[in-house]
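Residues in the sequence shown are numbered consecutively from 5, following our numbering.
Since the structure comes first, as structure tokens, the remarks are kept for the end.
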Amino acid sequence: MYSFHRHTLKNKLELLTIPMPQVESATVMVMVGAGSRYESKKINGLAHFLEHMAFKGSKKRPSSLLISSTIDAIGGEFNAFTGKDHTGFYVKARSEHIPLVVDVLSDMILNPLLKEEEIEREKGVIIEEIHMYEDTPMRHIGDVYEGLLYGDTPLGWDTAGKPEIIRAIARKDFVTYMDGLYRPNNAVMVIAGQVGSSQSAVRSLIDKSLQGWKKDKLWQWKKQSDKQDQPQVKVKYKNTEQAHLALGVRAYNLSDPRRFALSVLTTIMGGGMSSRLFIEVRERRGLAYYVHANAEQYLDVGNFVTQAGVDVARIDEAIRVILDQYWGIANGNYLISSEELTKAKEYLKGRLTLELEDSRSVAGFYATQEILKRQILTPDEVIAKTEAVTKDEVVAVAREIFVEKHLNLAVIGPYKEEVRFRKLLESV
5 MYSFHRHTLK NKLELLTIPM PQVESATVMV MVGAGSRYES KKINGLAHFL
55 EHMAFKGSKK RPSSLLISST IDAIGGEFNA FTGKDHTGFY VKARSEHIPL
105 VVDVLSDMIL NPLLKEEEIE REKGVIIEEI HMYEDTPMRH IGDVYEGLLY
155 GDTPLGWDTA GKPEIIRAIA RKDFVTYMDG LYRPNNAVMV IAGQVGSSQS
205 AVRSLIDKSL QGWKKDKLWQ WKKQSDKQDQ PQVKVKYKNT EQAHLALGVR
255 AYNLSDPRRF ALSVLTTIMG GGMSSRLFIE VRERRGLAYY VHANAEQYLD
305 VGNFVTQAGV DVARIDEAIR VILDQYWGIA NGNYLISSEE LTKAKEYLKG
355 RLTLELEDSR SVAGFYATQE ILKRQILTPD EVIAKTEAVT KDEVVAVARE
405 IFVEKHLNLA VIGPYKEEVR FRKLLESV
């Protein structure tokens with residue numbers, strides 16, 4: 005689908021260029037192997053906070069207005085995102101503006117001003133963002149679920165942090181964090197789209213812009229335990245008209261070859277409006293407005309989860325129906341047909357193809373693989389591995405992950421007791 009070219013700078017920064025001849029724009033993305041799992045409890049939320057501060061002024065453009073005006077003046081789009089193990093910054097614009105975009109991003113990442121008055125002002129913005137997430141159970145339930153799964157560890161903490169911690173963060177915390185993680189040997193720059201006919205010109209541009217970025221020893225993350233001996237439940241009380249649940253199990257990490265069969269299983273269970281869970285939970289019983297399944301993978305651990313927004317009076321029934329689908333596919337009561345297997349594969353292939361029509365998605369696809377694994381599968385290789393998944397492999401994955409003692413249930417709604425829900429998990 006798209007081939008890529010790799011160039012390693014002297015300072016060990018990886019540059020990936022992915023030509024997309026059919027478009028006139030390009031996305032320039034810088035991704036750093038830095039996220040909330042590298043934080044201590046006293047600076048939880050700093051990785052996400054730093055993402056905000058990068059846009060608040062740099063050496064060449066010492067205010068947020070100057071940065072935004074520069075990008076607006078070329079009709080560009082710019083944003084950033086923070087995960088638990090990576091942070092990305094990107095600008096998408098007409099390809100003729102690549103030199104300017106590279107200059108803006110380089111200066112933001114190498115030379116953020118981190119003005120103390122801007123830090124204090126932005127604390128209010130971050131805290132309101134935290135409140136927004138907490139007031140949006142459909143989004144927040146995923147954080148509650150991973151908090152249950154991984155406990156009081158960096159991988160279990162909310163990426164946005166907590167208000168009391170955000171209030172205490174100081175400028176020196178940003179500087180220390182950047183010294184430990186924002187290094188060229190822990191970053192990748194990707195240019196996807198109409199990158200021009202001369203790869204050497206692009207390399208020269210990047211070398212010039214980022215030659216002053218010095219490599220150094222990096223902070224390391226602590227490996228997460230995946231041990232679980234009994235079902236777990238976490239209930240977060242909120243007086244809502246709709247209950248939100250996340251019901252899942254432990255699964256596979258980012259490098260496990262079984263992840264492709266897991267993707268097919270996830271699609272069969274909860275990918276799209278014809279998936280098993282959508283039909284059983286919503287269409288046949290009217291228990292939920294939304295219901296879908298997802299598989300999350302980190303370098304050391306992973307999980308499978310079903311999320312749903314359900315009638316508060318019928319949440320028990322919804323949980324039983326979801327569990328019935330889990331056990332039914334694992335014990336062979338609900339067989340996978342050849343047509344269902346083919347449909348799931350075509351769904352995954354189609355969604356990937358549609359997603360990668362956008363240069364921003366292409367940049368993210370390659371950057372994430374490079375920064376997390378230092379190994380890249382092209383879209384065609386991902387499609388080939390998906391196509392090779394067999395029915396027996398999907399069933400084997402279901403049998404491996406759908407185990408009672410590995411069940412985890414997080415709930416947000418007008419409930420205060422956990423015993424009721426624990427009994428549902430232990431009665432299967």
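For glycine and all other residues, C-beta sits at the position ideal for the given N, C-alpha and C.
Nothing here was measured: the structure is a model prediction, and the numbers come from that model.
Expressed to the nearest angstrom, what Euclidean distance is found between the alpha-carbon atoms of residue i and residue j?
i    : j    : result
N337 : D396 : 14 Å
S204 : H11  : 10 Å
I416 : L429 : 17 Å
R254 : G128 : 36 Å
R355 : T271 : 11 Å
Y83  : T346 : With the sequence shown as reference, residue 83 is identified as Asn, and Tyr is not the correct amino acid for it. Going from the Cα of N83 to the Cα of T346 covers about 37 Å.
K64  : L114 : 11 Å
P235 : R426 : 7 Å
I323 : G61  : 49 Å
G197 : V206 : 13 Å
D315 : E321 : 10 Å
R280 : R318 : 19 Å
T357 : T382 : 12 Å
E108 : A97  : For clarity, residue 108 is Val in the given sequence; the question names Glu instead. Going from the Cα of V108 to the Cα of A97 covers about 12 Å.
T244 : P418 : 6 Å
Q2   : P103 : With the chain represented from 5 up to 432, any question about residue 2 goes unanswered, as that position is not in the structure.
Am I right that residue i and residue j are in contact with their C-beta atoms under 8 Å? What's the rounded C-beta distance?
i    : j    : result
L131 : I170 : At residue 131 the sequence reads Ile, which differs from the Leu that was named. That pair is a contact at about 6 Å.
E284 : Q329 : 6 Å
Y149 : V309 : 6 Å
Y370 : I22  : 6 Å
N214 : L13  : It should be pointed out that residue 214 corresponds to Leu in this sequence rather than to Asn. Right, their Cβ atoms sit about 7 Å apart.
Nearest to residue i by alpha carbon, out of the options?
i    : options                   : result
Y256 : D89, Q234, A30 and Q301   : Q301
S110 : G275, A58 and V129        : A58
K349 : S365, L249 and A388       : A388
M136 : A400, P383, V199 and K166 : K166
G274 : D230, L258, I333 and I380 : I333
S259 : K119, D304 and T180       : D304
S363 : R65, D320, V199 and R403  : V199
Q228 : A299, D89, A191 and Q234  : D89
Y6   : S68, R125, W225 and I195  : I195
N307 : K420, K63, G160 and G128  : G160
E124 : Y154, T157 and I173       : I173
L152 : E321, G252, A392 and V366 : G252
E385 : K353, E422 and E28        : K353
L185 : P261, G313 and R41        : R41
M193 : V179, Y181, K420 and L19  : L19
E138 : S72, Y419, Y241 and D76   : Y241
S278 : R262, K231 and E344       : E344
Under a three-way DSSP split, which group does residue i fall into?
i    : result
M136 : helix
Y149 : helix
N190 : helix
K96  : strand
S73  : helix
F178 : helix
M453 : Residue 453 lies beyond the residue range present for the chain, which begins at 5 and ends at 432; the question has no answer from this structure.
H101 : helix
Y439 : A question about residue 439 goes unanswered here, because the residues of the chain that appear run from 5 up to 432.
S29  : strand
E287 : helix
I195 : strand
D315 : strand
V106 : helix
A255 : coil
T346 : helix
Y330 : helix
H11  : strand
G61  : coil
Q379 : coil
Would you mind stating whether residue i and residue j have Cβ atoms separated by less than 8 Å?
i    : j    : result
F264 : T390 : yes
L249 : L17  : no
A297 : S267 : no
G438 : F85  : There is simply no residue 438 to check, as the chain begins at 5 and stops at 432 in what is shown.
R289 : V237 : no
L30  : A51  : Just to set this straight, residue 30 is Ala in the shown sequence, not Leu. It is not a contact, given that the beta carbons lie outside the stated cut-off.
A367 : Y94  : yes
Hey, is residue i close to the ligand NAD, as in C-beta under 7 Å from one of its heavy atoms?
i    : result
N298 : With respect to the ligand NAD, the structure offers nothing, as it holds no ligand at all.
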